[in-house]
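Just so we're aligned: the sequence shown equals residues 168 to 646 in the working numbering.
Here the structure is laid out as structure tokens; the discussion comes afterwards.
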Amino acid sequence: MQNLINIILSHEAEKIPMILKSYQLDINSFFLDRTPLQFAIQDKHLGCIKVLLENGADPNLGNENYGFPLKMAVSNNFYEITNLLLEFGANVDQADQKNQETALHFAVFSSNERITKLLLSFGANPFLKDEFDETPIDLATDKVLAFLKDYSIKFIDYSPSLFDKFINPYQMDTKLNKREYSIDFPQLKEIQHIANGAFGSVFIAEYKDKYVAVKKFSNLHGYSLELFEREISVLCKCNHPNIIQIIGYHYPEEILQKNQTENKENDKNEEILKKSEIKYDPCIVLEYLPKGTLYEKLKNLKRKKVKLKHPIIVRYAKDIAEGMKYLHSLKFIHRDLKSSNILITEDNHLKIIDFGYSRYEAKEYDLDPLTFNTGTLNWMAPEILRKESKYTSKVDVYSYGLVLWEIVFRQVPYRVHLQSVRNYDLRNEVGYKKVRPQLPITKQAPQEIIDLIKKCWKQNPDSRPSFDEICKILSNIKF
């Protein structure tokens with residue numbers, strides 16, 4: 168590892184792949200309490216950072232002493248490095264282990280307008296709180312406060328009434344007011360923590376003599392609760408083998424009563440109740456699938472240089488398509504379809520998860536605009552990147568095409584195909600210039616899959632197939 172660090176500090180980026188291969192080094196291991204990527208960020212060498220990321224460096228891996236890579240870049244006002252990390256999949260809302268501050272907290276505190284705008288363009292949440300219950304808006308100076316507040320208005324789906332237009336028709340009057348899915352939090356025996364997210368955390372628990380996955384929402388502002396309620400509204404309506412199964416949820420009575428008695432037109436970003444007023448956090452209890460995400464599997468296969476066999480590729484494509492076909496039949500749009508939102512079952516089939524960004528599809532006459540900054544950048548459809556407020560379920564078809572590309576090539580879209588990351592505007596290139604990940608002639612997948620990818624990511628949404636059509640195409644693939 169010392170040899171690799173010396174190469175990085177010498178700015179000899181071109182030698183990094185050879186060193187990794189020659190010494191069979193784990194690019195994500197720690198040396199002197201830092202990863203190679205953290206050394207490169209400290210040394211401010213963009214070339215080395217890019218090569219490390221291209222060779223599998225984890226942009227989210229950090230530690231308590233040095234923090235996570237994005238924090239390191241933002242706190243030192245490294246704009247190009249921040250942009251590069253985000254393009255390679257850094258979690259824009261990752262929080263510091265010590266004080267729960269996100270990259271956006273650091274950017275607004277230092278009045279860095281350019282980096283603040285960059286983080287917001289990648290979907291940074293301006294309402295996340297640090298250990299002192301302060302959001303980036305609370306910390307913002309006059310220099311960044313105006314456009315930060317302006318962005319905050321766009322961050323949420325501002326319908327005339329959230330409860331009337333979305334939750335009531337499809338959730339509150341059906342599942343939430345009936346108690347068949349309600350779970351008392353003390354019934355959950357926590358076994359193992361899995362991960363943290365912008366919404367809270369995920370852990371494995373024991374419930375009625377079986378393991379379950381519990382998604383706990385610890386941020387109590389209105390937007391976090393909106394994600395919680397949206398996810399329940401979708402999952403409680405779903406019953407399909409390719410959609411994650413909900414076991415139940417815990418909705419604190421304190422919040423439910425306050426929502427029902429207060430004026431629903433209040434600012435949805437205000438904290439519903441103080442943390443001390445809530446005995447148990449809201450949570451969603453789901454079936455537990457220990458094999459993990461499709462993203463993790465593809466990443467491991469890429470590292471081992473193992474390709475998926477054609478029948479497996481087609482099976483995965485069918486599983487996702489069937490799940491999305493069912494979701495669209497209920498008139499829901501997922502809006503964040505990607506490999507990390509797909510889990511693998513014990514019998515090697517796939518299930519779609521994470522419906523916090525899902526939305527009931529607007530009718531043509533519906534004047535309520537859809538949120539344009541929804542999803543994950545690399546999988547966003549061109550019409551979302553162009554910030555069009557009127558889009559359809561075809562945004563999911565575009566994302567599906569990118570997921571198929573992930574399955575075939577076992578890597579994140581756009582990660583290694585950008586010719587120049589320094590000034591590369593992914594939104595502009597994909598949204599307006601029709602740039603797509605490279606699709607070389609390959610025998611890694613059936614030609615029908617390659618052709619389907621091209622159809623799914625067409626620039627014009629009307630030219631993309633529906634999931635009904637996709638399922639028919641896949642059913643006709645023969646071996």
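For glycine and all other residues, C-beta sits at the position ideal for the given N, C-alpha and C.
Quantities reported herein were computed from a predicted structural model and do not represent experimental measurements.
For residue i: DSSP bridge partner residues
| i | result |
| --- | --- |
| K230 | One detail in the question is off: residue 230 reads as Asn in this sequence, not Lys. In the DSSP output, where bridge partners are listed per residue, N230 has G234. |
| T269 | A262 |
| S349 | Y416 |
| F198 | R201 |
| T460 | L510 |
| I410 | I519 |
| C623 | None, per the DSSP bridge assignment. |
| C450 | K383 and H417 |
Three-state secondary structure (DSSP) of residue i
| i | result |
| --- | --- |
| E281 | First, the residue type needs correcting, since residue 281 is Arg and not Glu in the sequence shown. Correct three-state label for R281: helix. |
| T249 | helix |
| H495 | helix |
| I323 | Any answer about I323 is weak, because its pLDDT of 39 lies below 50 and its placement is not dependable; what the coordinates show is given next. Residue state, collapsed to three classes: coil. |
| G415 | strand |
| A240 | helix |
| A307 | coil |
| Y455 | coil |
| Q359 | strand |
| R482 | helix |
| L517 | strand |
| K554 | coil |
| L465 | helix |
| S642 | helix |
| H212 | coil |
| E179 | coil |
| S633 | coil |
| G542 | coil |
| K505 | coil |
| G490 | helix |
| V275 | helix |
| V473 | coil |
| K217 | helix |
| Q354 | helix |
Nearest-angstrom Cα separation, counted from residue j out to residue i
| i | j | result |
| --- | --- | --- |
| G256 | E179 | 24 Å |
| L619 | K471 | 27 Å |
| I616 | D635 | 16 Å |
| L306 | V241 | 15 Å |
| F646 | S566 | 26 Å |
| V381 | L453 | 6 Å |
| E555 | Y190 | 49 Å |
| P226 | D263 | 14 Å |
| K211 | I248 | 8 Å |
| Q169 | F384 | 41 Å |
| F273 | S506 | 29 Å |
| E531 | F299 | Confidence at E531 is low in this model, with a pLDDT of 38, below 50, so the placement of that residue should be treated as unreliable; the coordinate-derived value is given next. Their Cα atoms are separated by approximately 44 Å. |
| N543 | F289 | Note that residue 543 is Thr in the sequence shown, not Asn. Roughly 8 Å between the two C-alpha positions. |
| V218 | N627 | 34 Å |
| K297 | P607 | What sits at residue 297 in the sequence shown is Asp, not Lys. Cα-Cα distance, rounded: 45 Å. |
| P419 | K474 | 46 Å |
| K140 | P549 | A query on residue 140 cannot be resolved here, the shown segment of the chain reaching from 168 to 646 and no further. |
| L228 | G234 | 9 Å |
| I574 | K476 | 11 Å |
| H360 | Y455 | 13 Å |
| L176 | K188 | 19 Å |
| I644 | K610 | 15 Å |
Bounding residues of the beta strand (DSSP E) (the contiguous stretch that carries residue i)
| i | result |
| --- | --- |
| C403 | That residue, C403, is in no beta strand (DSSP E); it is neither H nor E in DSSP. |
| A380 | K377 to F384 |
| I371 | G367 to Y374 |
Endpoints, the alpha helix (DSSP H) within which residue i is located
| i | result |
| --- | --- |
| V575 | K561 to F576 |
| L176 | Q169 to L176 |
| D133 | Look at the range of the chain in this structure, 168 to 646, and you will see that residue 133 is not part of it. |
| P184 | I183 to Y190 |
| N595 | L593 to G598 |
Check: Looking at C-beta atoms only, is the number of pairs between the region 504-516 and the region 448-465 that lie closer than 8 Å three or more?
Finding: Contact check between the region 504-516 and the region 448-465: three or more CB pairs, one atom from each, fall below 8 Å, which counts as touching.
Checklist line | Sufficient close CB pairs (3 or more, under 8 Å) joining the region 446-456 to the region 186-205 | finding: The region 446-456 is not in contact with the region 186-205.
Next item on the list: Could you say if the region 558-565 and the region 595-610 meet the contact criterion of at least three C-beta pairs nearer than 8 Å?
Entry: By the Cβ test, the region 558-565 is not in contact with the region 595-610, since fewer than three Cβ pairs between them sit closer than 8 Å.
Next item on the list: Evaluate the contact criterion for the region 396-411 versus the region 477-492: three or more CB pairs, one atom per stretch, below 8 Å.
Entry: Yes, they touch.
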